[in-house]
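Numbering of the sequence shown is given in the working numbering, commencing with residue 1 and proceeding in unit increments.
Positions of the beta carbon are idealized from the N, C-alpha and C atoms, including for glycine.
On a predicted model such as this, the values are computed, not experimentally measured, just so you know.
Here's the structure we're looking at; comments come further down.
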Amino acid sequence: MTTESMAAECFAPEEVLVLEEKIYFLQEGGKKTRIGILKEMTADRLIVEMRLTDAEYAHGPESGARFHCAMPSEKCTYRFSSVFCASSPLPDHIWYMELPAEVERQQKRDFVRVPVPLPMQVTLSNLYGGKNKAKDTTLVDISGNGVSFVWKEPLEDGMEIEIAIPDLPAVGELKTTAVVMRSLDRTALATPIYHIGAHFAAYLDKRQQNQLVRCIFLLQRKYLERGLGI
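Following this line, the structure appears as structure tokens:
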């Protein structure tokens with residue numbers, strides 16, 4: 001594996017963006033990621049149904065606000081920039097976004113998952129819309145796309161969680177939102193153990209993605225140097 005583990009190719013949006021799939025929006029200079037479902041593409045607009053409460057939707061961006069956008073798929077992430085044009089009145093939650101000139105596909109050439117048992121913390125949402133106290137657990141493996149970690153019970157697919165992994169090489173502390181993709185039962189004897197797979201690529205900006213690429217390379221090299229193989 002080289003440090004350049006992701007190849008970027010550019011496409012017209014109508015070639016790769018898929019209707020009814022999620023798009024993740026991060027406003028330039030902002031920290032909160034918003035999620036929407038692509039409903040339609042016109043000659044100059046993306047029409048997106050936003051997954052927001054009425055209150056969140058009512059306090060939407062101003063016309064002309066720029067966003068970094070991502071649509072993840074199983075083995076790659078489609079990234080592009082877009083401008084917020086307008087929104088529909090409530091009760092609808094529709095954003096009208098500028099159709100990008102091109103979409104960049106970031107493809108994992110090696111798609112390596114590196115076993116690395118590091119301490120980490122996971123924070124779940126509670127029933128009241130807030131966050132529970134972060135819980136300590138152990139990382140099972142990490143890739144440029146997501147992580148797997150140990151948990152005592154299965155988590156619902158599609159659930160958003162917060163993860164924090166300290167002291168990753170080339171990254172330092174990685175703190176990000178992730179989406180639960182699977183819960184694998186690894187129970188031994190009477191102790192329930194699950195490996196939770198979570199995807200976070202759509203929540204990282206390009207700088208973080210590049211740092212993580214370097215991190216995966218360094219972790220894999222260290223793993224190989226121990227003579228364990230992959």
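Going by C-alpha to C-alpha distance, which of the options sits closest to residue i?
i: E160; options: P61, L38, G30, R34; result: R34
i: V231; options: C69, R182, V147; result: An answer regarding residue 231 cannot be provided, because it is not within the stretch 1 to 230 covered by the chain.
i: P166; options: Y78, A201, T138, S82; result: T138
i: S73; options: T187, R105, V83, K131; result: R105
i: Y87; options: K152, R45, R186, A178; result: Note on identity: in this sequence residue 87 is Ser, with Tyr being the wrong assignment. Per the Cα distances, R45.
i: W100; options: D54, L17, D136; result: Sequence check: residue 100 is Pro here, not Trp. Taking only the C-alpha atoms, the option nearest P100 is L17.
i: K152; options: K222, T187, E14, P89; result: T187
i: D92; options: R214, R207, D205, D54; result: D54
i: N126; options: I142, E162, I94, Q220; result: E162
i: A65; options: Y78, R51, W95; result: W95
i: L19; options: T177, L124, K39; result: K39
i: A164; options: T77, A170, L52, T123; result: T123
i: L184; options: A58, E15, P192; result: P192
i: E156; options: V179, G60, L174, T77; result: V179
i: A201; options: F149, T77, L174, R214; result: T77
Can you grab the Cα-Cα spacing for the pair residue i / residue j, in whole Å?
i: K133; j: Q121; result: 10 angstroms
i: D110; j: N210; result: In this prediction, D110 scores a pLDDT of 42, lower than 50, which makes its location untrustworthy; no coordinate-derived value is stated.
i: L212; j: G144; result: 6 angstroms
i: E102; j: C10; result: 6 angstroms
i: I216; j: I142; result: 8 angstroms
i: G129; j: E56; result: 13 angstroms
i: C69; j: A190; result: 44 angstroms
i: V48; j: K222; result: 43 angstroms
i: Y203; j: P154; result: 23 angstroms
i: G172; j: A43; result: 43 angstroms
i: P169; j: L90; result: 46 angstroms
i: L231; j: L118; result: Since the first residue shown for the chain is 1 and the last is 230, residue 231 is missing from the structure and cannot be characterised.
i: G29; j: T176; result: 16 angstroms
i: L52; j: E15; result: 28 angstroms
i: M41; j: D136; result: 43 angstroms
i: M50; j: L174; result: 27 angstroms
i: E21; j: V150; result: 29 angstroms
i: Q27; j: C85; result: 13 angstroms
i: K131; j: K31; result: 17 angstroms
i: V112; j: R214; result: 12 angstroms
i: A58; j: D205; result: 26 angstroms
With the cut-off set at 7 angstroms, would you say residue i and residue j are in Cβ contact?
i: F67; j: F25; result: yes
i: M71; j: I23; result: yes
i: V83; j: E62; result: no
i: Q220; j: V114; result: yes
i: R182; j: G158; result: no
Residue i and residue j look like a contact to me (Cβ under 8 angstroms); what is the Cβ gap, rounded to whole Å?
i: H195; j: V140; result: 5 angstroms
Tell me, please, whether the CB atom of residue i is closer than 7 angstroms to any CB atom in chain D?
i: R221; result: Absence of chain D from the displayed structure is noted, only one protein chain being present.
Is residue i close to the ligand ADP? I mean its beta-carbon at under 6 angstroms from any heavy atom of the ligand.
i: L219; result: The ligand ADP is absent from the structure shown, which contains no ligands of any kind.
Kindly provide the ranges of any beta strand (DSSP E) runs that are 3 or more residues long and lie completely inside the segment 53-84, ordered along the chain. 66-72
Uninterrupted beta strand (DSSP E) stretches inside the segment 2-47 (no shorter than 3 residues): 6-11, 22-27, 33-41
To test your reading of the DSSP string, which unbroken beta strand (DSSP E) runs of 3 or more residues are found completely within the segment 83-145? 94-98, 103-108, 119-123, 135-142
Mind pulling the alpha helix (DSSP H) runs of 4 or more residues that sit fully within the segment 163-227? 206-225
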